[in-house]
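Residue numbers (the numbering used here): 12 to 81.
Reviewing the structure listed below.
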């Protein structure tokens, strides 16, 4: 994946496959703008419409996104 968002979407797809998750949490890092993180979360919501997608400012210095699938 060329962009962090694409890599993150691929990671969620690998975790879920065709399954649905009730909750997907997106923690965005220090180098990610909140508006970009919310746009990314919208893409996640569109791909998995049955999930609740929450966005948090994780502030992590290294990773653009940390994702939690529950």
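The beta carbon of each residue, even a glycine, is placed where N, CA and C say it ideally should be.
Computed from a predicted model, the values in this text were never measured in an experiment.
By the neighbour-count criterion, in which a residue is buried when 16 or more other Cβ atoms sit within 10 angstroms of its Cβ, residue 23 is buried. Here residue 66 carries a strand assignment [DSSP, helix/strand/coil]. Secondary structure remark: continuous beta strand (DSSP E) runs of at least 3 residues inside the stretch 12-75, in chain order: 34-39 and 63-68.
Cβ neighbours of residue 81 within its own chain (closer than 6 Å, five residues either side excluded): 34. Taking C-beta atoms as the reference points, residue 40 and residue 76 count as a pair closer than 8 Å.
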